[in-house]
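Student:
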Amino acid sequence: MEQLERITHHPEIMGGKACIRGMRVTVGMIVGQMAAGLDVDNILADYPYLEREDISQALRYAAWRAEEQELLLTNA
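Terminal number for the sequence shown in numbering that gives the first Met the number 0: 75, no gaps in between.
1. Since Arg-51 and Val-39 are thought to touch, with beta carbons under 8 Å apart, how far apart are those beta carbons, to the nearest angstrom?
2. Which residues in the same chain have their Cβ closer than 7 Å to the Cβ of Ala-17, if we skip the five residues on either side of it in sequence?
3. Can you check DSSP and say which residues form a bridge with Ile-12?
4. Can you pull the DSSP bridge partners for Ile-29?
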């Protein structure tokens, strides 16, 4: 995996979830916002303390994690 220096894990912050630069902003929150239809500019406007590269690295991290886990999917 490439170096993603903006993605941090600390047990005392958000229960150790992947966060942005030690803040209480999780990778999952960013991915969820984008899945809900927000674009990068909307997220940056809502969270002015984030930077464009934070969002880029969050998406790269999420993609890497998705590729690293095997999930059993069933047709319901």
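Note that CB positions come from ideal geometry on N, CA and C, so glycine has one too.
Tutor: According to the structure shown:
1. 6 Å
2. Ile-6, His-8, Thr-25, Val-26, Tyr-60
3. For Ile-12, which the question treats as bridged, DSSP gives no partner whatsoever.
4. Looking at the DSSP assignment, Ile-29 forms no beta bridge with any residue, so it has no partner.
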